[in-house]
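See below for the structure under consideration.
In my numbering, the protein residues as written are 2 to 917.
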C-alpha cells in the first residue's frame, strides 16, 4: 500500500483518534512484514534478504509517519526556509538491513536550528514509533551540527557514513552528504581506519577474544557481523565506494573473495534473524540453548557421528574464519595505500614483531617486503611446495611478520599440498621444528590453521577444524583448544608459569622426550567427533602419523600411550581418594615409568589450562601434585605401605615441632586422634590449623564448630567442620551449602579415633576480594552449624532454592552409576555422573544416607553441565558392600535422584505455565 494511501485511509478519523488509528494500521504492516521476512528465512533461506525485507517495511512505516506528520498533524501551507526536514536512516538501519529486534536509528535533519514546527513533527513521528514498541535511537541536527560532531566523534562519523534518505527534503540530505564528504572524509582515511580498528579490538576483547568461543556473539564477537561492517566502513571510507561489489573493480577483493564476503554476510544474517525470531528479542549471543533451536530452524541434520547442532556450529566457525581472512586482506590493502600503520596490523593479526637484527633468511625463494617475510615471486610455492612450510619456519625462527599478500598466496596455493608433499621427509622435519619451537609455536600454528595449511598438511587435524563440542565445559573449538594447549606448554617450557605450575616447571627440564610431549599434546584430542572413544582412535592416528613426522619407534609408542591415557591423571586426581593406597598402586601400574608420569603430568596441566578461562585453578594443581608425589614413591621402587608408614611418622614429628607450646602429653594424645589417611592427605600448615581448631573447640566445650578460610591460589574457600559422627552428616553439610548458595568442588572427610568427624569442604569462590568472600563463607558456616544442631530443616531450605535447571532443555545427559569393589582395598566406590544442578550433591548424599552407608570420602568434579561425584563408602559394619541385591538397590536409589529431579522440573514448569 502506498504511503499516501495508508495515511488517507485513517485521515477521516477525528484528530484525537488519528494517532491510535495510524498505529493500528502500522502495527499490521509490521506484523505482515515480519511474517513475510520469516517466510524468506524458511523458504529461500536467505538471511540478508530477510534483513532487507524488515528494513524495507520499516522504511514504509517511517515514511507513513512523516507524511502523516506534515500533512495531517502539522501541515504548513507556505513553508519557510527553516521549515524543511529530511528523515534519514543511520547506523545499522542506514545500511538497509534490520534484524527483527534491531534498533531503529533515525536522524531528523534540519537546514538550521530546530524550529517549533520541526519539534512538533519529530514528536508526531516518535510517539507512534514508541507506541509500536520499537527501540528507536534518534538525533535532531542541522547540517552544521552533523559536520561539526562527525569531526569530533568517530561514532557519529560512522553512523553518517551509511546515512540513507527516507523521506522529506532530499536536497537537504544531498547537501549534508556533500559537506560530510568534503569537510569530514577528505584526507582523514588513516585516522578513521586506526579508530575503527582500535574500536574493534576493544569490542572483541569485551565479547571474547577468540572467534572460536563456543557461545559466540553473532553481532559483536570476533568474526561476527560487526567485523564485516567494520571492513566495509573502512573500505568505503578509503575507496569511496557505495556497494561492496565495487570493491572488486577497486582492486581490494577478487571475485572469489567478494563471494566469500557475501556468503559470510548472508549466513550471519540468517543466524541472527533466527535468533531474534526464536527469542522474541534482540538476542546476540548464540548460547547453547539457542544453538540447537537455530540449527533445527535452518535445517541441519546429523551426519558422520556429529549432531545437527555440532554441524551447524562448525559451519558458523568456518564463516567466522572467513571473516578473519577478509579482515587480513583489507588491512593489507590499506597498508599498501599507507592509510593504515603497520603497528595496528600486527595487533589485529597477532603477527610477530620484527627483531631489530634479522639473520639471513637462508633460502633464495624468500625475501623481506616492507620489513615482512615474503616470497621472491608468486611462483615460489609452485616451484617447491615445501616452501609453504618453510615460510612459517623462517617466520618463527627469525621472529618475523609474514606479509599479508604472502598469507593470501598460501591460501590460494593449498592445492599443492598433495600426498607426496605430506610424505616428504624435509616437509615433516620442518613441521616438527615449527611445532616444538621454543618461540611462539602457538602463534605460528594459529596462522597456519587460519590459512588452511595446517589442516591440509595434517588431514586428521583438518577434520577437527571449527569443530565444537556441545557442552558447557569446553570454551573453544577442538582445533583452537589443541593450539592453545601447545601455547601453554611453550610457556611452561620457557619457565613463564613457575608460580602457577611449580611442579610442571621443575619436571619439564628433566624429561627425555620433549618432542614426543609436544606431538602428543598436539594430537591428544585429534579424534574428537568420531563415534568411537577419541583417546583410542587418537592413539591409532598417532601410531600412523608419528613415523611420518620422523619420530622413532620408541617415541611413537610414547606419543600413542600419552594420547590414549591423556585423561587418566585428571580423572584419578579429581575423582579418586588419593589417600587410599590402592588408588596410587593402580595408577602407578598404568603409568609404569617415572618418565611417563612426568610427561602425563605436564600434558594434563596444559590440557586443563587450555580448556578455557577459569577452568584451571590451584585446587586442581594441588590434586595433581599430590597424585604425582604419591605415585613417584611407588615408581621409584618404594613399597606403598612401608613408605606410607615412614611418611606418617615424619609428618607427625613435623607437627610435634610446630606445636612446641603444647605439652608432650597433649601432643601424644592429639597424634593418636587421627588415622594414617589423615597424615598422608593433609599438609603441615593445615595440620597445625586443625590441631589448634580442635583444641579450642574442646576448651570451649563445643562438639560442633566451624572454621572458614579463603585460598586465592587454589581458587577455593575452605570450610572446616567438627561434629559428632553419624551417617547423614555429609548430607546435612552439603544441604546447608546448597541452601546458602555454596558450590562444593571437593570434600575431605576424616573420622577421628574418638568418634568425631573433621570434614573440610572446598567451595568455589564467588567474590574476588577476601573480605567479601569471608562474609559469604561465614554465612554458609553458620547455616551448617545451625543445621547440625537441628535448628533448621535442611530439606525445606534446599527446596526453596531449587529451581528448574536453566539448561535443562538444552543438554540431555543420561545418568550413570558405577559400583566398584576393586578400586579400593577397604571401600566400595560409587561413581555417579549426570546433569549437574543446584542441590544435586545434597540429594545424592541424602540417598546414600538412607541406604545406611557410611561415606568415608567424597570427590566432586564438574565438567560444564556434567557432574561426576565419587563416594568411598562402607556398610554399617565398616565393610565393603558385596551383595548383588544391595548393588541393585544402590543403583536404583541413586538413579532415582535424577528421575525425581526431572519430574520436579516438569511440575515446576507446568505450575509456572498455569500461573502465566
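Don't be surprised by glycine CBs; every beta carbon is placed ideally from N, CA and C.
Keep in mind the model is a prediction, meaning the values are calculated, not measured.
Across which residues does DSSP place residue i in a beta bridge pair?
{"i": "residue 869", "result": "834, 862"}
{"i": "residue 397", "result": "Bridge partners of residue 397: none, in fact."}
{"i": "residue 719", "result": "710, 763"}
{"i": "residue 477", "result": "214"}
{"i": "residue 724", "result": "758"}
{"i": "residue 88", "result": "109, 168"}
{"i": "residue 403", "result": "374"}
{"i": "residue 369", "result": "374"}
{"i": "residue 142", "result": "110"}
{"i": "residue 875", "result": "855"}
{"i": "residue 829", "result": "874"}
{"i": "residue 304", "result": "307"}
Would residue i be called buried (16 or more neighbouring beta carbons within 10 Å of its own) or exposed?
{"i": "residue 480", "result": "buried"}
{"i": "residue 380", "result": "exposed"}
{"i": "residue 243", "result": "exposed"}
{"i": "residue 224", "result": "buried"}
{"i": "residue 606", "result": "buried"}
{"i": "residue 266", "result": "buried"}
{"i": "residue 684", "result": "exposed"}
{"i": "residue 113", "result": "exposed"}
{"i": "residue 794", "result": "exposed"}
{"i": "residue 517", "result": "buried"}
{"i": "residue 901", "result": "exposed"}
{"i": "residue 33", "result": "exposed"}
{"i": "residue 86", "result": "buried"}
{"i": "residue 819", "result": "exposed"}
{"i": "residue 285", "result": "buried"}
{"i": "residue 452", "result": "buried"}
{"i": "residue 823", "result": "exposed"}
{"i": "residue 807", "result": "Unreliable positioning characterises residue 807 in this predicted model, as indicated by a pLDDT of 47, which lies under 50. The coordinate reading is nonetheless provided below. The residue is exposed, with fewer than 16 neighbouring Cβ atoms inside 10 Å."}
Ordered along the chain, which non-local residues of its own chain (more than five positions away) have a Cβ less than 7 Å from that of residue i?
{"i": "residue 116", "result": "83, 84"}
{"i": "residue 425", "result": "387"}
{"i": "residue 941", "result": "Absent from the structure is residue 941, since the part of the chain shown begins at 2 and ends at 917."}
{"i": "residue 345", "result": "The predicted position of residue 345 is uncertain, since its pLDDT is 37 and thus under 50; a value taken from the coordinates is nonetheless stated next. Within the same chain, residue 345 has close Cβ partners 195, 198."}
{"i": "residue 508", "result": "599, 602, 603"}
{"i": "residue 505", "result": "493, 602, 603, 606"}
{"i": "residue 394", "result": "431, 434, 435"}
{"i": "residue 513", "result": "596"}
Just to confirm, is the Cβ distance from residue i to residue j under 8 Å?
{"i": "residue 817", "j": "residue 836", "result": "no"}
{"i": "residue 698", "j": "residue 723", "result": "yes"}
{"i": "residue 442", "j": "residue 487", "result": "yes"}
{"i": "residue 718", "j": "residue 726", "result": "no"}
{"i": "residue 476", "j": "residue 325", "result": "no"}
{"i": "residue 758", "j": "residue 730", "result": "yes"}
{"i": "residue 236", "j": "residue 253", "result": "yes"}
{"i": "residue 796", "j": "residue 741", "result": "no"}
{"i": "residue 125", "j": "residue 90", "result": "no"}
{"i": "residue 275", "j": "residue 42", "result": "yes"}
{"i": "residue 716", "j": "residue 765", "result": "yes"}
{"i": "residue 788", "j": "residue 737", "result": "yes"}
{"i": "residue 321", "j": "residue 309", "result": "no"}
{"i": "residue 564", "j": "residue 521", "result": "yes"}
{"i": "residue 171", "j": "residue 97", "result": "no"}
{"i": "residue 845", "j": "residue 891", "result": "no"}
{"i": "residue 169", "j": "residue 67", "result": "yes"}
Taking 6 Å as the limit between beta carbons, can you name the residues of its chain near residue i, skipping five residues before and five after?
{"i": "residue 534", "result": "none"}
{"i": "residue 519", "result": "436, 437"}
{"i": "residue 857", "result": "828, 873"}
{"i": "residue 581", "result": "825"}
{"i": "residue 583", "result": "825, 826"}
{"i": "residue 448", "result": "none"}
{"i": "residue 871", "result": "576, 832, 860"}
With 8 Å set as the bound, which would you pick, yes or no: does the beta-carbon of residue i sit closer than that to a beta-carbon of chain B?
{"i": "residue 594", "result": "The structure shown contains no chain B; it holds only a single protein chain."}
Could you pull out every residue in the same chain whose Cβ sits closer than 8 Å to the Cβ of residue i, ignoring the five residues on either side in sequence?
{"i": "residue 104", "result": "92, 93, 94, 136, 137, 138, 283"}
{"i": "residue 531", "result": "306, 538"}
Give the list of continuous alpha helix (DSSP H) stretches no shorter than 4 residues that lie fully inside the segment 743-826. 771-789, 795-802
Output the residue ranges of the alpha helix (DSSP H) runs that lie fully inside the segment 453-531 and measure 4 residues or longer, sorted by chain position. 454-458, 460-465, 479-494, 503-508, 515-524
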